[in-house]
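Engineer: Below you'll find the structure I mean.
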């Protein structure tokens with residue numbers, strides 16, 4: 001059950017430097033598109049380059065786009081991110097629309113997400129509003145100045161009422177006056 | 186009749202033996218000694234590891250439940266109520282919080298947990314419920330929540 | 344971790360020193376209470392790997408009260424490890440030799456027999472009487488309540504309480520007190 005037998009690195013749901021809370025910095029640094037100019041498997045990527053690439057480059061000025069036409073090789077996209085991750089993705093036999101969607105995925109990721117095992121599916125910077133539990137939250141403040149061991153804090157206070165106390169209370173209730181009282185002495 | 190095919194079959198083990206074994210060695214890379222390098226030793230250990238992983242998925246849920254139970258009963262003790270009473274009181278008041286939420290509240294939001302314990306004990310008091318399992322151990326402080334609005338809300342039919 | 348979060352963590356995992364008066368208490372019932380504090384199971388942040396246990400100082404362990412005939416009948420086993428080194432010692436003999444042993448064994452027995460037990464037992468300090476060293480007493484901030492009530496001897500009740508207490512019945516006139 002421990003982490004040592006897993007090859008995937010584990011992490012929490014974090015954004016680098018609170019990305020998006022203030023300004024948003026696109027995490028994609030450069031994207032390299034390798035394709036073949038003639039082979040059938042690169043048809044989708046060729047269509048993407050002809051139609052949508054320039055707009056992509058204009059809308060993402062922080063991303064550097066490299067095009068590498070290579071003969072007799074299947075099409076591939078390699079995306080590099082600001083945290084140093086390198087994601088290799090094969091675009092062989094993918095249609096134009098599919099490639100658009102995958103490029104969008106690569107653009108909005110913050111690294112190699114599939115290589116990280118999420119330990120928890122939630123994350124918060126402020127897990128507590130009232131303040132987390134401390135041993136002092138429900139502590140009686142009189143203990144601060146008490147001289148321990150004190151029977152006031154040491155005796156059991158949840159016991160049922162003793163017969164002695166019951167008698168005393170019965171006596172107090174049926175007392176008529178303070179004077180006519182017969183006591184022990 | 187000369188049977189040549191059987192003699193041939195004896196010799197060849199299979200074309201994908203390397204990749205079959207590589208699947209096992211990938212899982213055994215962090216083992217010690219021969220378990221990491223020798224197939225017959227590795228395969229036994231890998232199979233055991235996978236079996237343990239399968240069985241542990243159910244155990245993890247049980248362990249988490251036990252931990253939550255411990256934390257909830259610890260927090261309840263601080264307020265002089267048993268975990269059983271608290272559960273009963275919250276159920277009767279239609280507050281259906283699970284063990285995970287209750288233990289998270291107890292650790293991160295202690296005042297909220299105190300209020301929930303007070304609501305539960307008030308509801309049980311109004312219902313006249315007596316907890317037989319309460320050991321009356323002097324570990325906490327009594328909660329007295331005397332609130333007219335709360336009483337009305339608790340007396341509504343849920 | 345920022346400074347504020349670090350201080351918050353110190354507060355949450357602070358180790359409290361408790362004191363428990365063993366006078367007139369059953370060691371096995373009080374062991375259940377003490378072991379909870381030693382292991383940290385009285386905290387909602389409990390986890391076995393968390394090291395959240397507190398320190399418990401037990402005083403007056405000489406005045407511990409075993410149930411029924413246990414002082415005469417209960418025997419504690421000890422083996423030195425050498426052949427023929429088994430011995431059964433009665434409770435009163437153990438108590439005479441070392442007044443702290445009985446409560447210590449009771450708490451040790453109440454815990455689960457895992458590797459953390461010996462480490463947790465080191466957090467328990469037992470003193471046979473009222474005297475506790477100064478530096479330990481300075482750390483103590485909380486008192487664990489006892490389970491059994493400690494009865495007061497009839498001649499130890501203060502005089503004014505005796506005088507104030509209402510008479511329940513009167514002796515008849517010709518009754519002769521021995």
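Chains as they are written, first to last, in this note's numbering: chain L, 1 to 185; chain P, 186 to 343; chain B, 344 to 521.
Even glycine gets a Cβ: it sits at the ideal position worked out from N, Cα and C.
So, does the stretch 336-343 of chain P touch the stretch 315-323 of chain P, judging by three or more C-beta pairs under 8 Å?
Structural biologist: No: fewer than three Cβ pairs fall under 8 Å.
Engineer: Assuming residue 68 of chain L is part of the alpha helix (DSSP H), what are its boundary residues?
Structural biologist: Counting from 1 along the first chain, the entry for residue 68 of chain L is found at position 68. Looking at the DSSP string, residue 68 of chain L is not in any alpha helix (DSSP H); the run it does join, the beta strand (DSSP E), is 64-69.
Engineer: Under a three-way DSSP split, which group does residue 1 of chain L fall into?
Structural biologist: Walking along the first chain from the start, residue 1 of chain L turns up at place 1. With a pLDDT of only 47 at residue 1 of chain L, under 50, the local geometry of the prediction cannot be trusted, and no value is derived from it.
Engineer: Output the distance between the C-alpha atoms of residue 106 of chain L and residue 382 of chain B, rounded to the nearest integer angstrom.
Structural biologist: Counting from one through the first chain, the residue named residue 106 of chain L turns up at place 106. Counting from one through the third chain, the residue named residue 382 of chain B turns up at place 39. Taking the straight line from one Cα to the other gives about 49 Å.
Engineer: Using the three-state DSSP reduction, which class does residue 217 of chain P fall into: helix, strand or coil?
Structural biologist: Position 32 of the second chain, counted from the first residue, corresponds to residue 217 of chain P. Residue 217 of chain P falls in the coil class under three-state DSSP.
Engineer: Tell me, to the nearest whole angstrom, how far the beta carbon of residue 260 of chain P is from that of residue 370 of chain B; I am working on the premise that it is less than 8 Å.
Structural biologist: Start at 1 with the first residue of the second chain, and residue 260 of chain P comes out as number 75. Start at 1 with the first residue of the third chain, and residue 370 of chain B comes out as number 27. With a Cβ gap of about 28 Å, residue 260 of chain P and residue 370 of chain B do not count as contacting.
Engineer: What's the gap between the Cα of residue 482 of chain B and the Cα of residue 123 of chain L?
Structural biologist: Numbered from 1 along the third chain, position 139 holds the residue referred to as residue 482 of chain B. Numbered from 1 along the first chain, position 123 holds the residue referred to as residue 123 of chain L. Using only the alpha carbons, I get a separation of about 38 Å.
Engineer: Using a Cβ-Cβ cut-off of less than 9 Å, give me the residues of the stretch 112-141 of chain L that come near chain P, in sequence order.
Structural biologist: For the stretch 112-141 of chain L, which is checked against every Cβ of chain P, the residues closer than 9 Å are 127, 128, 129, 130, 131, 132, 133, 134, 137, 138, 140.
Engineer: Note down, in chain order, each residue of its chain lying with its Cβ closer than 8 Å to the Cβ of residue 268 of chain P, except the 5 sequence neighbours on either side.
Structural biologist: If you number the second chain from 1, residue 268 of chain P lands on position 83. Hits under 8 Å: 254, 257, 258, 261.
Engineer: Could you pull out every residue in the same chain whose Cβ sits closer than 7 Å to the Cβ of residue 277 of chain P, ignoring the five residues on either side in sequence?
Structural biologist: For the purposes of this step, residue 277 of chain P is taken as the residue at position 92 of the second chain. Hits under 7 Å: 308, 312.
Engineer: Taking a cut of 8 Å between CB atoms, which residues from the stretch 295-306 of chain P lie near chain L?
Structural biologist: Correct list: 295, 296, 297, 299.
Engineer: So which residues on chain P does residue 385 of chain B lean against when the C-beta distance must stay under 9 Å?
Structural biologist: For the purposes of this step, residue 385 of chain B is taken as the residue at position 42 of the third chain. Within chain P, the residues near residue 385 of chain B are 259, 262, 263, 324.
Engineer: Once you ignore the five residues that flank residue 485 of chain B on each side, which residues in its own chain have a CB closer than 7 Å to its CB?
Structural biologist: Indexing the third chain from 1 puts residue 485 of chain B at position 142. Cβ within range, chain order: 359, 361.
Engineer: Can you name the residues of chain P whose CB is closer than 8 Å to the CB of residue 390 of chain B?
Structural biologist: As a working note, residue 390 of chain B is residue 47 in the third chain. By Cβ distance, chain P contributes 252.
Engineer: Is it the case that the Cβ atoms of residue 187 of chain L and residue 138 of chain L are separated by a distance below 8 Å?
Structural biologist: Nothing can be reported for residue 187 of chain L: it is not among the residues displayed for chain L, which extend from 1 to 185.
Engineer: Answer yes or no: does any C-beta atom of chain L fall closer than 8 Å to that of residue 354 of chain B?
Structural biologist: For the purposes of this step, residue 354 of chain B is identified with residue 11 of the third chain, where counting begins at 1. Chain L, which has a Cβ nearer than 8 Å to the Cβ of residue 354 of chain B, makes this yes.
Engineer: Does the Cβ-Cβ distance between residue 463 of chain B and residue 404 of chain B come in under 8 Å?
Structural biologist: As a working mapping, residue 463 of chain B is identified with position 120 in the third chain. As a working mapping, residue 404 of chain B is identified with position 61 in the third chain. No; because the gap between Cβ atoms is not below 8 Å, this pair is not in contact.
Engineer: By how many angstroms is the C-alpha of residue 521 of chain B removed from the C-alpha of residue 144 of chain L?
Structural biologist: Position 144 of the first chain, counting from 1, holds the residue named residue 144 of chain L. Position 178 of the third chain, counting from 1, holds the residue named residue 521 of chain B. Distance between the alpha carbons of residue 144 of chain L and residue 521 of chain B is about 51 Å.
Engineer: Look at the alpha carbon of residue 391 of chain B and the alpha carbon of residue 499 of chain B, and state the distance between them as a whole number of angstroms.
Structural biologist: As a working mapping, residue 391 of chain B is identified with position 48 in the third chain. As a working mapping, residue 499 of chain B is identified with position 156 in the third chain. So the two alpha carbons sit approximately 46 Å from each other.
Engineer: Verify whether the separation of the beta carbon atoms of residue 490 of chain B and residue 409 of chain B is less than 8 Å.
Structural biologist: Taking the first residue of the third chain as position 1, residue 490 of chain B is located at position 147. Taking the first residue of the third chain as position 1, residue 409 of chain B is located at position 66. Cβ atoms of residue 490 of chain B and residue 409 of chain B: not closer than 8 Å.
Engineer: Report yes if the C-beta distance between residue 63 of chain L and residue 33 of chain L is below 8 Å; otherwise report no.
Structural biologist: Within the first chain, residue 63 of chain L is the residue found at index 63, counting from 1. Within the first chain, residue 33 of chain L is the residue found at index 33, counting from 1. No, Cβ-Cβ distance for residue 63 of chain L and residue 33 of chain L is not below 8 Å.
Engineer: Using beta carbons (cut-off 8 Å, strictly below), is residue 511 of chain B in contact with chain L?
Structural biologist: For the purposes of this step, residue 511 of chain B is taken as the residue at position 168 of the third chain. Yes, its Cβ sits closer than 8 Å to a Cβ of chain L.
Engineer: Looking only at its own chain, which residues have a Cβ that is under 8 Å from the Cβ of residue 10 of chain L, when we skip the five neighbours before and after it?
Structural biologist: If you number the first chain from 1, residue 10 of chain L lands on position 10. The answer, listed in chain order, is 3, 116, 117, 118, 119.
Engineer: If we cut at 8 Å on Cβ distances, does residue 255 of chain P have a partner in chain B?
Structural biologist: For the purposes of this step, residue 255 of chain P is identified with residue 70 of the second chain, where counting begins at 1. Yes, residue 255 of chain P lies at the interface with chain B (some Cβ there is under 8 Å from its Cβ).
Engineer: Excluding the five sequence neighbours on either side, which residues of its own chain have a C-beta within less than 7 Å of the C-beta of residue 493 of chain B, listed in chain order?
Structural biologist: What you label residue 493 of chain B is simply residue 150 of the third chain in a count that begins at 1. 366, 367.
Engineer: Could you tell me whether the Cβ of residue 149 of chain L comes closer than 8 Å to any Cβ of chain B?
Structural biologist: Residue numbering aside, residue 149 of chain L sits at position 149 when the first chain is read from its first letter. True, the Cβ-Cβ gap to chain B drops below 8 Å.
Engineer: Verify whether the separation of the beta carbon atoms of residue 103 of chain L and residue 35 of chain L is less than 8 Å.
Structural biologist: Indexing the first chain from 1 puts residue 103 of chain L at position 103. Indexing the first chain from 1 puts residue 35 of chain L at position 35. No. Outside cutoff.
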